[in-house]
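Chemist: Residue numbers (full-length UniProt numbering): 1 to 289.
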Amino acid sequence: MRRRRFRPIPVRMLVPNFITLLAICAGLTAIRLSTEGRMELAVAAIVFAAVLDGLDGRVARMIKGQSKFGAELDSLADFVNFGVAPGLILYFWQLHDLSNVGWIAAMIFAISGGLRLARFNATMNDPNKPAFAANFFTGVPAPAGAIAVLLPIYLSFLGIPQPPAVLTAFYTLLIAILMVSRLPVFSGKAVGMRVQPELVLPVFVSVVFFIALLISYPWVVLSFGSIIFLLTLPIGWKSYRDQDLKAAVQETFPDAPLSAGAASPSAEAGSPTIPVRQRKPDNRSSRPH
1 MRRRRFRPIP VRMLVPNFIT LLAICAGLTA IRLSTEGRME LAVAAIVFAA VLDGLDGRVA
61 RMIKGQSKFG AELDSLADFV NFGVAPGLIL YFWQLHDLSN VGWIAAMIFA ISGGLRLARF
121 NATMNDPNKP AFAANFFTGV PAPAGAIAVL LPIYLSFLGI PQPPAVLTAF YTLLIAILMV
181 SRLPVFSGKA VGMRVQPELV LPVFVSVVFF IALLISYPWV VLSFGSIIFL LTLPIGWKSY
241 RDQDLKAAVQ ETFPDAPLSA GAASPSAEAG SPTIPVRQRK PDNRSSRPH
């Protein structure tokens, strides 16, 4: 029998996986740095992993390098980088003061990250989702949860006294609950991949300005970014709720007329209607303009 030969794999299929593997290396390095007490470098490694996580998917779509292997590898990277690593960093930073209670809080956060990713993979191709739901995540995404849960560490780097370990544990559990919740969160997928020609230079300047701020004042930018993200969660919920109600109304009354003189949906349902006397046409309105 002839031996089965596999087809050569294009390089464009490997590039996104290289980025994902680099992100895993950053997450594992963050765990090592946290055990050595170098918390600033550990947090920086998590932020670097989050940047790489945002790049690998976009690079894969741009060069058409998507693959099932890459999707599974990306899920594994997210669990390590944004579930296990932040939980361990918080434990070695302060939660170890609570002994077993702190370890339980760190474990719950890590497990919540894994459950969040498993649910995302299971419902990614759900045919029953409404069209507008593609612009929302279900629950806080794992990278955003990892960046937000480290907020107490950012504030301590700014000179703010450490909060009590119990408060840090409660905050960690709160972010874990938001990750596994059904809360709709803006995904940013509605933002187009194309930029208008007149906006190219402003976009370049804005990106460079943000990177310069992040490098010069990393803890200030991360602190304000995390707080603003948490404050915008109710806005995402309200936007999803409004669009859901609008879709429900359109599904119930698909042929509902929009003109003022037409019958209302309640009239189509069988409710009595009151005839309205029509006005006589005004001859002045028939003049040519």
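C-beta atoms are modelled at their ideal positions from N, C-alpha and C, and glycine is treated no differently.
(1) Got a sec? Which residues, its chain only, sit under 7 angstroms from Gly114 by beta carbon, not counting five neighbours each side?
(2) If distances are taken between C-alpha atoms only, which option among Pro202, Val59 and Leu52 comes closest to Arg12?
(3) Which runs of the alpha helix (DSSP H) at least 4 residues long sit entirely within the segment 3 to 89? Give them in chain order.
(4) So the candidates are Val208, Ala106, Ile160 and Ser156; which of them puts its Cα closest to the Cα of Ala146?
(5) What first and last residue would you give for the alpha helix (DSSP H) that runs through residue 303?
(6) Going by the CB atoms, is the gap between Arg116 and Val180 shorter than 7 angstroms?
(7) Would you list the one or two residues that DSSP bridges to Phe136?
(8) DSSP three-state label for Thr232, please.
(9) Using the Cβ count rule (16 or more neighbours within 10 Å means buried), how would you classify Phe18?
(10) Taking buried to mean at least 16 other C-beta atoms within 10 Å of its own C-beta, is Pro143 buried or exposed?
(11) Apply the 10 Å Cβ neighbour rule to Leu167 and answer buried if 16 or more other Cβ atoms are within range, or exposed otherwise.
(12) Distance check for Phe204 and Gln94, CA to CA, integer angstroms please.
(13) DSSP on Pro197, reduced to helix/strand/coil?
(14) What do you reckon, are the CB atoms on Ile108 and Ala50 nearer than 7 angstroms?
(15) If distances are taken between C-alpha atoms only, which option among Trp103, Ala212, Gly27 and Ala42 comes closest to Asp53?
(16) The alpha helix (DSSP H) with Ser156 in it runs from where to where?
(17) Assuming Val149 and Pro202 are in contact, meaning their beta carbons sit under 8 angstroms apart, how far apart are those beta carbons, in whole angstroms?
(18) Nearest-angstrom Cα distance between Asp97 and Asn81?
(19) Under a Cβ-count criterion, where at least 16 other Cβ atoms within 10 Å of its own Cβ denotes burial, should Phe224 be classed as buried or exposed?
(20) What number of angstroms, rounded off, separates the C-alpha of Pro161 from the C-alpha of Leu214?
(21) Contact check, Val220 vs Leu151 under 8 angstroms by CB: the rounded distance?
(22) Identify whether Ile215 lies in helix, strand or coil by the three-state DSSP scheme.
(23) Per DSSP, what kind of secondary structure is Ile160 in: helix, strand or coil?
(24) Output needed for Leu222: all residues of its chain with C-beta closer than 6 angstroms, excluding positions within five of it in sequence on either side, in chain order.
(25) Just to confirm, is the Cβ distance from Tyr240 to Phe136 under 7 angstroms?
Modeler: Taking the coordinates as given:
(1) Phe79 and Gly83
(2) Looking at the Cα atoms, Val59 is the closest of the given residues.
(3) 11 to 35, 39 to 62 and 68 to 79
(4) Ala106
(5) This structure cannot speak to residue 303, because the chain is shown only from 1 to 289.
(6) Yes, Cβ-Cβ distance for Val180 and Arg116 is below 7 angstroms.
(7) Phe186
(8) Correct three-state label for Thr232: coil.
(9) exposed
(10) buried
(11) exposed
(12) 39 angstroms
(13) helix
(14) no
(15) Gly27
(16) Leu151 to Phe157
(17) Between Pro202 and Val149 the Cβ distance is about 33 angstroms, and since that is not below 8 angstroms, they are no contact.
(18) For Asp97 and Asn81, the distance between alpha carbons rounds to 23 angstroms.
(19) exposed
(20) 22 angstroms
(21) That belief does not hold up - the Cβ atoms of Val220 and Leu151 are roughly 12 angstroms apart, past 8 angstroms.
(22) helix
(23) Taken through DSSP and simplified to helix, strand or coil, Ile160 comes out as coil.
(24) When the five nearest sequence neighbours on each side are left out, the beta carbons in the same chain lying within less than 6 angstroms of the beta carbon of Leu222 are those of Tyr154, in order along the chain.
(25) yes
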